[in-house]
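Chains as they are written, first to last, in the working numbering: chain A, 216 to 562; chain B, 216 to 562; chain C, 216 to 562; chain D, 216 to 562.
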């Protein structure tokens, strides 16, 4: 039986990246998975040849309207929509459909956090799509509703989780995440013009104002009983794709570089998509462009009494669309790594 | 039987891209093709984990010295070496080995052209690896020696060939090709520093001085009996990958946009890796990053009496390593498109 | 007596660059020139601290509405408005006011050209602001109405004019101009987002469709009696500022490199803002960032029988705002080079 | 009497930027300051026309060798040399010469710090060139020996100093500074190639290994009696110029946003080159390109109990050459701001 997949928000960056990955998925190449409806809002009626010239195989496909009717009749629906609208559509889809939501609506467990950060009513919590977090892979296997994590929380969580779980650090973390511009989406916006962003660095939504802050805290709180605090500073940098995360936290006691490294190597020993770099090699975003990898490094700074964690991901791949495919693979019972590149497009 | 592949120059950009593509090649994934010796010169003894962190699967592989002894015993040898040294190594490899040379040594047919542009003795001419040129695919099937074309000639040839063959234009062409910086290779060089190249555009080797000039002329001359002249202006632009080629030539007579388009659509109707864009869509390099595609567009400029051709390729993929894999596929009898992405990594 | 200057369109890129240059103008520093009304449309009521954080001296200035009433009472009015609206405002300003228009409305001499390219009624022709063109400096001295040239025509004209005037080439030119993204202005627009433009090259408005085509032809026709044809191909490249122009045209007879160079050196011998580069040095846009310079180079390509001209300017400075200040200097009787940097901000 | 200025290391980025600023300095424009010897090592005999095409006024100047003999006979010598060699030259210059050293040799007060971080013998401590630090302006007035600060310490110090001095925070700071690539200098180096740095972010010399770490700590220690610790993480980003610094530290008690802002506004009330941004405006590096400004912002993050400071400078201007000129102005008795732009070249 052929699996039929629809993508809502297909003309956005998350939608385009899901399509790029699906076109190389072994189930698609074997004819067992079919790309069905591609929907959006402002681009209805346009072809992918106009909107997504990097996908020539789909050049003649036409964008349809995002409605429950168009999306129904598919086995899997990816949602690459603004939050709010995403929940509205999601809640109208049948229980037999696997819904994989790239928006924020169903990520947070705490309704008060949702209301504070998003200013609307909380619609619920779905299995959260970082399979590398303890217990999550099991929840995602066969799941019919999956919340794909935010791009910053993915990079920060994979960098910090082993150290927090092992108790190497106080869970009182300062996270600075530097992101490429595709993270802002494909919306007309003066602040995101090429002329405004090339050759410039800018912090934004600092000091706890970014909506990914409670999501990072929630993930760390899953592996520690201590109170977690997160100082989160996102920075916009002039590159299309990639997030470099740096995180510092106070060491709880004496920790050697070897001990810290062992914690990370053990934690990720079985993971295909997390690569603990060799000693002395710092991660660079170029290495993961277009891939589903997260590269991680850990360093002890004895002088300042802090542990320093760094990680890189491609915000559109492991940070969004790759994670969505990884979750689809777990939901449908494919090999978890099917269709997901490990090699980055560098330089 | 397993095919064993060696890569000489494995720590350069061409070598790295060949590896990235091989890691996703169906023969490799099926265990029928094996990555053997990886050789270089100045980086001997280093690991790929240090040199090529974007290929985590090969992080532990160690670079060996580039010698005929190390390379012998492989079924296929890719050469990603400087010209001169490339011919020296190539001529010491056995006749049973398939040698795919990314350097210039065996591209030119005319010894005088070689001597004028490269200043050394001509070492011969091998089957030339643009399968889309008339007659070339047949020569490449089963070939044991293949000269991979230069990156600029690939973009210019695919843009111009249909119009020259059809006699739409006088073969008296002005070609301006704008390239990303990876085309200059991975050599320490002040002029190619990030600080010198970011935020800047620069022409170089203009007015017939670039070594790719005679190669473009040679390709066009294969499809016309008229005298070919090429004014070639390469420009360096601040992006890692990609070549945009613009070419103008005088129209021979009245040609409508529809007639010109039909010539291109017919010429490339059976080609997997050349995509003639829809009317009004101009090619952009982003669309082909990491893919083996060439996107082409044709426009009639009646006011100036010229035809305008534009094309984009990724200089490292269709411009070098992708072409090399496409040639390997033809040499070994694999599907021509095996392991070669059609979708670009955009944005 | 203090000269009072207003800027309409002060929150756009041309307006911002005029302000940056005025703040360093000796007349402003001496208190003899005052920055008066700053107007715009969609940003009325905002401060420059929000809109133009690079001008901290003006952080508290507030944007007013663009009306003839607000602009009247100034000695000089710079217009950095969309064409059409620019003419509408210009025609309501008093004859005693010096109006320096950065839009296209009054550049073209031929009404039919205007109507064909802009689709509206022609409003007239003003003295055209390239002082380096024969006869233009004299027209601009004391002029009360000045049309600032387009950015592409400035680069192409300064590259081609000496060769056309001297009859070195047939005025049948192929021009490819590669531009940074600020040329598209500060309007919300998906195609100009950072994610769409970084890491990509794209041709646009090719084959005679770009509105600067007739302006280039008009300028060349001022120095030759022969019929001029212009094939113009603009290309968008990932840098904020800068235009690199390459132009080829058939040589009329034998011309040596020395003869060609002498034509250029003689033509520009007295010019402060055009620098003919030393033999063998190709221009790069980085060298002119923020400066009012045009760097030019000339090369003979004997094999193809063509002359190759290359030039670089900063599209916002010599290409727009710097030219506007240079014209103001001529209009008001200041030193022509007052307030205009010759050194570029490189790297 | 004319002041005669020499620049050692004139073909590097610091040297080039000093020249760019001097060419626009009122003393130079008035003929009271003269640009004398320009020296370097590997580029001796080359012209500035080849090495620094952005300075066309100096195109014919020839680079001389860096020796005490060539440099003697000047009133001011700027040193833009590698540390070690800089001290060697400096210590051979006469006491009557004003020596302004852009290298690190004379910045640190503590010899043990020097030896630990630079691995050689400490050569002494000179007046340290951040005039905005309490007491420093007075030391720099008339000084004959001046140590220009490091680029990272300038950004971090100006961001943190008011909060540390006022006791708003524990001087236990986490600093992440993201820099453009010109900071690495104009040396051939594979890791700094355009292809390696464009489209990529990379942390380096993390966890206390960067040599600017003790310099930041030293500056903060000047305004507090408490023990200072600095966790410093430098990150390389794909832009030519600019440093964005983010710094977090634990709040000592309840501090409101208004209180924190007042501390900053008061501290910098008299400073020309530090601009405290309006509430809600985060600094961006584009705003300070080519200018001598530092833009600073302060935010209270009550949830995490931290203060967040952000600042931007141009690493080559306020971070090096602009600071050097500002120090020269203080040494020679010029207006402190002479020749130093406040407006940035944006976009």
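Note that the Cβ used here is the ideal one computed from N, Cα and C, for glycine as well.
Of all C-beta pairs linking the segment 494 to 502 of chain B to the segment 391 to 402 of chain C, fewer than three are shorter than 8 Å, placing the two stretches out of contact. Between the alpha carbons of residue 421(C) and residue 489(B) lies a distance of about 21 Å. Around the beta carbon of residue 216(C), fewer than 16 other beta carbons sit within 10 angstroms, so the residue counts as exposed.
Under DSSP, no beta-bridge partner is assigned to residue 340(B).
Residue 491(C) and residue 368(D) have their alpha carbons spaced roughly 41 Å apart.
For residue 544(B), the enclosing alpha helix (DSSP H) stretches over residues 537 to 547.
The beta carbon of residue 499(C) falls within 8 Å of a beta carbon belonging to chain B, placing the residue at that interface. Less than 8 Å divides the Cβ of residue 386(A) from the Cβ of residue 441(A). Annotation note: the segment 256 to 337 of chain B contains the following uninterrupted beta strand (DSSP E) runs of length 3 or greater, listed N- to C-terminal: 291 to 294, 313 to 316. Restricting attention to beta strand (DSSP E) runs no shorter than 3 residues, the segment 489 to 514 of chain A encloses them at 489 to 491, ordered along the chain. Proximity of chain B to residue 552(A) at the Cβ level (cut-off 9 Å) is not reached, the minimal Cβ distance being about 11 Å.
For residue 450(A), the three-state secondary structure derived from DSSP is strand. Residue 393(B) has a beta carbon lying within less than 8 Å of a beta carbon in chain C. Chain-ordered, the chain B residues with CB closer than 8 Å to the CB of residue 410(D) read 228, 395, 396, 397, 399, 401, 407, 455. At a cut-off of 8 Å between C-beta atoms, residue 446(D) counts as an interface residue with respect to chain A. The beta-carbon of residue 557(B) is placed less than 8 Å from the nearest beta-carbon of chain A. Distance from the CA atom of residue 290(B) to the CA atom of residue 247(B), rounded to whole angstroms, is 12 Å. Within chain B, not a single residue places a beta-carbon under 7 Å from that of residue 439(C); the smallest gap is close to 16 Å. Setting aside the 5 residues that flank it on each side, residue 446(D) is surrounded in the same chain by 388, 389, 390, 422, 423, each with a C-beta closer than 8 Å to its C-beta; the list follows chain order. Against chain D, the CB of residue 224(C) has no partner CB under 8 Å away; the residue lies outside that interface. Between the segment 452 to 469 of chain A and the segment 479 to 488 of chain A there are fewer than three inter-stretch CB-CB distances shorter than 8 Å, so the stretches are not counted as touching.
Flagged as an interface residue toward chain C: residue 416(B), by a C-beta distance shorter than 8 Å.
Assigned with DSSP and collapsed to three states, residue 386(D) falls in coil, not helix or strand. At least one CB atom of chain A sits nearer than 8 Å to the CB of residue 508(B). Sequence-ordered contacts of the segment 519 to 532 of chain A with chain D read 519, 520, 521, 523, 525 [C-beta pairs closer than 7 Å]. Taking a contact as a CB-CB distance under 8 Å, the pair residue 273(C) and residue 234(C) counts as one, their CB atoms being some 7 Å apart. Around the Cβ of residue 529(B), a 10 Å sphere holds 16 or more other Cβ atoms; the residue is buried. Here DSSP, grouped into helix, strand and coil, assigns residue 551(B) to coil. Cα atoms of residue 225(D) and residue 505(D): separation of roughly 18 Å, rounded to the nearest angstrom.
In this structure, the beta-carbon distance from residue 396(B) to residue 508(D) does not fall below 8 Å. In the DSSP assignment, residue 360(C) falls within the unbroken beta strand (DSSP E) covering 360 to 362. Apart from the 5 residues on each side of it in sequence, residue 307(B) sits with its Cβ closer than 8 Å to the Cβ of 283 in its chain, given in chain order. Considering only 550(C), 354(C), 325(C), the residue with the shortest C-alpha distance to residue 337(C) is 325(C). The distance from the Cβ of residue 313(A) to that of residue 359(A) is about 5 Å, consistent with a contact at the 8 Å cut-off. Taking a Cβ-Cβ threshold of 9 Å, none of the residues of chain A is close to residue 265(D); the smallest such distance is about 25 Å.
Taking a C-beta distance under 8 Å as the contact criterion, residue 222(D) and residue 295(D) qualify as a contact pair.
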